[in-house]
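Using the numbering used here, the letters of the sequence shown map in sequence onto residues 314 to 542. In what follows, a structure is listed as structure tokens, so that the remarks can point back to it.
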Amino acid sequence: MLLKAITWPDGLINVVGLSGWNGFGGLFLIILVGAVTAQEYTWRTLHLWLSRGVSRPVLTLAKLTAFLLAAILIVLSALVTGSAVTAIISAKINGSLYLGQLDFPHLLFSVLRTTLTLLPYGSLTFLLAVASRSTVVAISGGLAYTLLIETLIIQVSGLLGERVIQVMQYLPGSLAFSLSSLNNATLGTVGSTQVSLVSPMHAAIGIGVWTLLFLGLSLWIFQRQDLAE
314 MLLKAITWPD GLINVVGLSG WNGFGGLFLI ILVGAVTAQE YTWRTLHLWL
364 SRGVSRPVLT LAKLTAFLLA AILIVLSALV TGSAVTAIIS AKINGSLYLG
414 QLDFPHLLFS VLRTTLTLLP YGSLTFLLAV ASRSTVVAIS GGLAYTLLIE
464 TLIIQVSGLL GERVIQVMQY LPGSLAFSLS SLNNATLGTV GSTQVSLVSP
514 MHAAIGIGVW TLLFLGLSLW IFQRQDLAE
């Protein structure tokens with residue numbers, strides 16, 4: 314089982330999964346978004362762009378596009394690095410890479426799904442950074458929710474009855490867990506087994522809703538901020 318998890322083709326999917334919301338990819342994106350967004354208030358970069366006539370919605374959209382590209386690059390970087398490592402292991406163990414066994418469309422969709430799972434956490438961190446203008450608050454808040462708060466909420470929900478558990482299906486982590494289940498990684502996905510899965514389509518829609526909600530609140534706050542303070 315372990316050998317299958319670290320050799321081609323399953324090893325590639327597992328590497329992609331490690332860059333998802335509950336792996337190093339999610340943590341790295343939270344740190345990146347929190348640091349860059351909050352420090353722009355200190356560096357007065359926002360003041361510079363606004364003084365040149367760039368509107369706040371356009372500036373926000375540009376920043377979000379950059380963060381989306383960063384999320385994609387995080388997953389692709391993990392795939393490239395992991396491909397090299399697992400290729401070496403596969404060649405050593407199996408004597409061949411068995412390229413014919415690779416399902417490239419499935420691998421591509423796994424990358425897209427994994428990237429999608431990162432978005433709610435990146436947008437939540439962006440919201441915290443805009444609202445607090447603090448790198449510490451943004452990063453610590455994003456990490457605390459991802460690593461601790463959401464897990465505690467799901468664990469406690471198991472004590473509150475079936476209806477509460479059903480509601481917990483629509484937390485970002487539960488939705489990401491449901492969507493990532495399509496990747497069929499050998500190593501599985503870290504998450505609570507107390508919350509049942511929703512359909513992948515509903516999971517993708519839910520992730521989109523959470524992302525837009527956090528981004529909408531961020532823009533609403535940013536539009537009303539006095540940057541002279």
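Backbone N, C-alpha and C fix where the C-beta goes; we use that ideal spot for every residue, glycine too.
Contact check, residue i vs residue j under 8 Å by CB: the rounded distance?
{"i": "residue 448", "j": "residue 347", "result": "6 Å"}
{"i": "residue 329", "j": "residue 392", "result": "6 Å"}
{"i": "residue 482", "j": "residue 522", "result": "Actually they do not touch by this definition, with Cβ atoms about 13 Å apart."}
{"i": "residue 333", "j": "residue 427", "result": "5 Å"}
{"i": "residue 441", "j": "residue 450", "result": "6 Å"}
Can we count residue i as close to the ligand HEM, meaning its CB is less than 7 Å from some heavy atom?
{"i": "residue 478", "result": "This structure does not include the ligand HEM; it has no bound ligands of any sort."}
Verify whether the separation of the beta carbon atoms of residue i and residue j is less than 8 Å.
{"i": "residue 466", "j": "residue 484", "result": "yes"}
{"i": "residue 372", "j": "residue 540", "result": "no"}
{"i": "residue 452", "j": "residue 344", "result": "yes"}
{"i": "residue 342", "j": "residue 375", "result": "no"}
{"i": "residue 369", "j": "residue 536", "result": "yes"}
{"i": "residue 532", "j": "residue 513", "result": "no"}
{"i": "residue 478", "j": "residue 471", "result": "yes"}
{"i": "residue 321", "j": "residue 394", "result": "no"}
{"i": "residue 488", "j": "residue 516", "result": "yes"}
- prompt: Which full runs of the alpha helix (DSSP H) of 4+ residues lie inside the region 332-420, going along the chain?
  reply: 337-356, 358-364, 369-407
query: With a cut-off of 8 Å, do at least 3 Cβ pairs link the region 409-416 to the region 377-392?
result: No contact exists between the region 409-416 and the region 377-392.
- prompt: Would you call the region 458-465 and the region 418-427 in contact, with 3 or more CB pairs under 8 Å?
  reply: no
task: Assess, as a yes-or-no matter, whether the region 438-453 is touched by the region 351-368 under the definition of 3 or more beta carbon pairs within less than 8 Å.
output: yes
- prompt: Is it true that the region 432-442 meets the region 514-531, where meeting means three or more beta-carbon pairs spaced less than 8 Å apart?
  reply: The region 432-442 is in contact with the region 514-531.
- prompt: Would you say the region 451-458 touches the region 399-407, given that touching needs at least three Cβ pairs under 8 Å?
  reply: no
task: Let me know the alpha helix (DSSP H) ranges lying completely inside the region 445-529, each 4 residues or longer, listed in chain order.
output: 448-457, 463-470, 475-481, 485-493
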